[in-house]
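A.B. asks:
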Amino acid sequence: MSVQDDQIPAAPASPPRRGFLGATLATGFALAVRPVAASTITTDSVGLTAGAITIAVNGGDMPAYRARPATGQGPLPVVIVVQEVFGVHEHIQDVCRRLAKLGYLAIAPELYFRQGDPRKYPEVADLLKNIVSQVPDEQVLSDVDATVNYAVANGGDPARLALTGFCWGGRIAWLYAAHNPRMKAIAVWYGQVLQPSTANSPKSPLDLVAQMKVPVIAFYGGKDQGITQENVGKMRAAMDAAGKSFELHVYPEAGHGFNADYRPSYNAEAATDAWQRMLGWFHKYGV
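Residue numbers for the sequence shown follow UniProt numbering, beginning at 1 and rising by one.
(1) Report back the beta-carbon spacing between Ile227 and Val148 to the nearest angstrom; my notes put them in contact at under 8 Å.
(2) Whole-angstrom Cβ separation of Glu110 and Pro63, contact assumed at under 8 Å?
(3) Identify, in the order they occur along the chain, each residue of the same chain with its Cβ nearer than 8 Å to the Cβ of Leu102, setting aside the five sequence neighbours on each side.
(4) What are the boundary residues of the beta strand (DSSP E) that includes Gly51?
(5) Going by DSSP, what residue range makes up the beta strand (DSSP E) through Arg114?
(6) Here's the rule: buried if 16 or more other CB atoms are within 10 angstroms of the residue's CB, otherwise exposed. What is Ala23?
(7) Please classify Arg34 as buried or exposed, where buried requires at least 16 neighbouring CB atoms within 10 angstroms.
(8) Short check: CB of Gln93 to CB of Thr164, under 9 Å?
(9) Report yes if the C-beta distance between Gly156 and Pro77 is below 9 Å; otherwise report no.
(10) Between the beta-carbon of Phe219 and the beta-carbon of Ala268, is there less than 9 Å?
(11) Evaluate Gln115 with the Cβ neighbour count: other Cβ atoms within 10 Å of its Cβ, from every protein chain shown; 16 or more gives buried, anything less gives exposed.
(12) So is Gly170 buried or exposed if we call it buried at 16+ other beta carbons inside 10 Å?
(13) Can you find the residues in the same chain that come closer than 7 Å, C-beta to C-beta, to Arg263, ignoring five residues on each side of it along the sequence?
(14) Count the other CB atoms within 10 Å of the CB of Val272; is the residue buried (16 or more) or exposed (fewer)?
(15) Below 8 Å on the Cβ atoms is my guess for Ala50 versus Ala100; work out the distance and round it to an integer in Å.
(16) Hey, out of Ser201, Val250, Pro158, whose CA is closest to Val287's CA?
(17) State the start and end residues of the unbroken beta strand (DSSP E) segment that holds Tyr65.
(18) Please specify which runs of the beta strand (DSSP E), each continuous and at least 3 residues long, are wholly inside the segment 91 to 167, giving them in chain order.
(19) Under the assumption that Val193 contacts Lys244 (Cβ atoms under 8 Å), give the Cβ distance between them as a whole number of angstroms.
(20) Whose C-beta lies closer than 8 Å to the C-beta of Lys234 among residues of the same chain, with five residues either side of it excluded?
(21) To the nearest angstrom, how far is the alpha carbon of Ala238 from that of Gln211?
(22) Taking just the CA atoms, how far does Trp168 sit from Asp6?
(23) Comparing C-alpha positions only, which one of Ala151, Arg236, Ser204, Glu253 sits nearest to Leu175?
(24) Skipping 5 residues on each side, what residues in its chain have a beta carbon closer than 7 Å to that of Val152?
(25) Where in the segment 203 to 265 do unbroken runs of the alpha helix (DSSP H), each at least 4 residues long, occur, reported from the N-terminal end onward?
(26) DSSP beta-bridge partners for Trp189?
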C-alpha cells in the first residue's frame, strides 16, 4: 500500500462537519493499514506519563496524545508530532513515546477531529475524500499553534521547541516552518512540496520558501512514486537560492512512508539514519 499526499482530491463546496472524538483518542492502528507488519516497533510507557489529553481550540476540545518523562526536572524540550494521513493512530503515539524516552515532551494533536475519525475508514481513497480533503491548512496551523501553547503551559520549555511531521504531516511541517518563528527546528518526513492548489490547501511548501523562518531537515525516498525527485530537487534549489538553513536527504532505495514500521513501505536502514539525523538537527539548534 502506498499513500501519497498528491492523491488528495479537491474539497466539495460544503464539507460535512462530524465532530466525533470528544475527549478521547482510540488505541490501535487505522483500519486502512491492517494487518500490521511484523516489523512494527512497540515502545512501552515505563518511566513515562503517556496518554490522551485535550487542548482547547476554536470549535471545541481537540484530542491529542502526550508522552513525557514521568520524573525529572523541567521545563522539558518539546517536540510536536504531526500525524500521518491516518491520524494519531498507534504508530504516531509510539513515535511520541520514543521521543519521551529521550527526555522530550512530545504531543501529537488529532488535527482531523472536526471532520471525522480516520481510523474507521478501511479504504485510503475514502479517507482522503471524506476527511483529509476537508481539513483547511489555516485551521491546522491554528491548532498546531494551540498545541505549542499547551506544551509551554504544561511543562514545556518555550526556548526549546521543535516539530516533526510524517507524510501528510510532513507537508504541514514545511508550512509550519513558514508560519511560526518560535520553533527552533523542524524535521520533515516525505512531505509533499508541490501539489495542486485547492480551497483548503491553497499553497504548496514550494510557494512559501521565501517565508521559511525555521531551520528544516527533510527526508525523502528515492523510490517515492508520489513525490518526484524533480520536485524534491526544486525544493532543494529554492531553499539554497533563498539562503535558508536546511538539509535535505534522499535515501535512494527507500519509497514513501519509509519510517512507517507497521507497513511494507518500512525501510529500517533509511528510517534509523533519518531518526538519528533528526535528533542531531534538534540538538544542533538547542532542542
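Note that CB positions come from ideal geometry on N, CA and C, so glycine has one too. Here the structure is a predicted model, which is why all the values come from computation and not from measurement.
C.D. replies: Concretely, from the data shown:
(1) In the sequence shown, the residue the question calls residue 227 occupies position 227. In the sequence shown, the residue the question calls residue 148 occupies position 148. That pair is no contact at about 27 Å.
(2) Residue numbering aside, residue 110 sits at position 110 when the sequence shown is read from its first letter. Residue numbering aside, residue 63 sits at position 63 when the sequence shown is read from its first letter. Going by Cβ atoms, the distance from Glu110 to Pro63 rounds to 4 Å, so yes, they are a contact pair.
(3) Reading the sequence shown from its first residue, position 102 is the one you call residue 102. Closer than 8 Å at Cβ, skipping near neighbours: Leu279.
(4) For the purposes of this step, residue 51 is taken as residue 51 along the sequence shown, with counting starting at 1. Run containing Gly51: 48 to 57, per the beta strand (DSSP E) assignment.
(5) Along the sequence shown, read from residue 1 onward, the residue named residue 114 stands at position 114. No beta strand (DSSP E) holds Arg114; DSSP gives it neither H nor E.
(6) What you label residue 23 is simply residue 23 of the sequence shown in a count that begins at 1. Unreliable placement is indicated for Ala23, whose pLDDT of 42 sits below 50; the coordinate value is still reported in the next sentence. Ala23 comes out exposed.
(7) Translated into positions along the sequence shown, residue 34 becomes position 34. The residue is exposed, with fewer than 16 neighbouring Cβ atoms inside 10 Å.
(8) The sequence position of residue 93 within the sequence shown is 93, counting from 1. The sequence position of residue 164 within the sequence shown is 164, counting from 1. Not closer than 9 Å, so no.
(9) Looking up residue 156 in the sequence shown gives position 156. Looking up residue 77 in the sequence shown gives position 77. Against a cut-off of 9 Å, the Cβ pair of Pro77 and Gly156 comes out as a contact.
(10) By 1-based counting over the sequence shown, the position of residue 219 is 219. By 1-based counting over the sequence shown, the position of residue 268 is 268. Their beta carbons are not under 9 Å apart, which means Phe219 does not touch Ala268 by this criterion.
(11) As a first step, residue 115 must be located in the sequence shown, where it is residue number 115. Gln115 is buried by the Cβ-count criterion.
(12) Position 170 of the sequence shown, counted from the first residue, corresponds to residue 170. Per the 10 Å Cβ criterion, buried.
(13) By 1-based counting over the sequence shown, the position of residue 263 is 263. Met1, Val33, Ala37, Gly257.
(14) Along the sequence shown, read from residue 1 onward, the residue named residue 272 stands at position 272. Looking at the sequence itself, residue 272 is Thr, so the reference to Val does not match. Result: exposed.
(15) Here residue 50 refers to the residue found at position 50 when the sequence shown is read from its first residue. Here residue 100 refers to the residue found at position 100 when the sequence shown is read from its first residue. Right, their Cβ atoms sit about 7 Å apart.
(16) Taking the sequence shown and counting its residues from 1, the one referred to as residue 287 is at position 287. The option with the nearest alpha carbon to Val287 is Pro158.
(17) Against the sequence shown, residue 65 aligns to sequence position 65. Looking at the DSSP string, the run of the beta strand (DSSP E) that includes Tyr65 is 60 to 69.
(18) 105 to 109, 156 to 166
(19) By one-based count along the sequence shown, residue 193 stands at place 193. By one-based count along the sequence shown, residue 244 stands at place 244. Not really, about 13 Å apart at Cβ, beyond 8 Å.
(20) Residue numbering aside, residue 234 sits at position 234 when the sequence shown is read from its first letter. Closer than 8 Å at the Cβ level, and outside the excluded window around Lys234, lie Val193, Leu194, Leu206.
(21) Along the sequence shown, one-based indexing puts residue 238 at 238. Along the sequence shown, one-based indexing puts residue 211 at 211. Going by the C-alpha atoms only, they are around 12 Å apart.
(22) Here the question's residue 6 lines up with position 6 in the sequence shown. Here the question's residue 168 lines up with position 168 in the sequence shown. The predicted position of Asp6 is uncertain, since its pLDDT is 38 and thus under 50; no value can be drawn from it.
(23) Here residue 175 refers to the residue found at position 175 when the sequence shown is read from its first residue. Answer by Cα proximity: Ser204.
(24) Taking the first residue of the sequence shown as position 1, residue 152 is located at position 152. Hits under 7 Å: Pro158.
(25) 229 to 241
(26) Position 189 of the sequence shown, counted from the start, is the residue given in the question as residue 189. Phe166, Phe219, per the DSSP bridge assignment.
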